[in-house]
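All residue numbers for the sequence shown refer to this note's numbering, where the first residue is 1014 and numbers rise by one.
Heads up, the thing below is written out as structure tokens.
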Amino acid sequence: MKKIAIASLVFVAASVVFAQSKMDEMKGMGMDMAKKPAAGAQTTHEANGTIKKIDAQKGWVTIAHGPVNSLSWPPMTMSFKIKDKSLLAKLALDKKVDFGFVKEGDDYVMTTVK
Ligand SMILES: [Cu+2]
């Protein structure tokens, strides 16, 4: 009777250790994904601003944007490239937008608009 009790205790303890190590594994995976973006992945920067100029033909939009913390940028007016032409539908002069962009070579390319 005592042996059975000890055996089941050992089994329970082993299960707990197993479950714990599974959780650690999952946590580790999550951290890795957050720390290491896939090769070639770009950082998306977030900003808000007012649209000052749109050149739909050439694919540029000029925005008076607020500070961009991820780049330590102060507020300024500058142009962003539009590669995804479907974004143009969300742009209008003097409209206030929240947007995301990535650096591509010397250009800053708008990737999302809200
Ligand atoms: Cu800027």
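Heads up, the beta-carbon is just placed ideally off N, CA and C, and yes, glycines get one too.
Taking the beta carbon of K1116 as the centre, do at least 16 other beta carbons fall within 10 Å, making it buried, or is it exposed?
The residue you call residue 1116 lines up with position 103 of the sequence shown. Exposed, by the Cβ-count rule.
Based on Cα-Cα distance, which residue from I1067, N1082, S1085 lies nearest to K1098?
As a working note, residue 1098 is residue 85 in the sequence shown. Cα-wise, what sits closest to K1098 is I1067.
What did DSSP end up calling M1046 once you bin it into helix, strand or coil?
Here residue 1046 refers to the residue found at position 33 of the sequence shown. Residue confidence for M1046 is low, a pLDDT of 49 falling below 50, so the modelled location carries little weight; the figure read from the coordinates is stated next. If DSSP states are grouped into helix, strand and coil, M1046 belongs with the helices.
So A1069 and L1101 are in contact, right, with Cβ under 8 Å, and what is the actual spacing, rounded?
As a first step, residue 1069 is located in the sequence shown; it is residue number 56 there, counting from the start. As a first step, residue 1101 is located in the sequence shown; it is residue number 88 there, counting from the start. Rounded, the Cβ-Cβ distance is 5 Å, consistent with contact.
Quick one, which of G1072, P1080, I1064, I1095 has its alpha-carbon nearest M1123's?
One-based indexing of the sequence shown puts residue 1123 at position 110. Among G1072, P1080, I1064, I1095, the Cα nearest to that of M1123 is on I1095.
So, at 7 Å on beta carbons, what are the nonlocal neighbours of A1077 in its own chain, with the 5 sequence-adjacent residues on each side left out?
Against the sequence shown, residue 1077 aligns to sequence position 64. Only G1062, T1063, K1065, T1090 meet the Cβ criterion.
Let me check you understand the geometry: is the CB of M1089 closer than 8 Å to at least one non-hydrogen atom of ligand 1?
Counted from its first residue, the sequence shown places residue 1089 at position 76. Within the cutoff, so yes.
Which residues does DSSP pair with K1103 in a beta bridge?
What you label residue 1103 is simply residue 90 of the sequence shown in a count that begins at 1. None, per the DSSP bridge assignment.
Under the three-state DSSP convention, the category K1098 falls into
Within the sequence shown, numbered from 1, the residue matching residue 1098 stands at position 85. Of the three classes helix, strand and coil, the one that applies to K1098 here is helix, per DSSP.
By a C-beta neighbour count over all protein chains shown, 10 Å radius and 16 as the cutoff for buried, is V1126 buried or exposed?
By one-based count along the sequence shown, residue 1126 stands at place 113. So V1126 ends up on the buried side.
In whole angstroms, give me the CA-to-CA distance for S1092 and Q1055.
Numbered from its first residue, the sequence shown carries residue 1092 at position 79. Numbered from its first residue, the sequence shown carries residue 1055 at position 42. In a straight line, the C-alpha of S1092 is about 19 Å away from that of Q1055.
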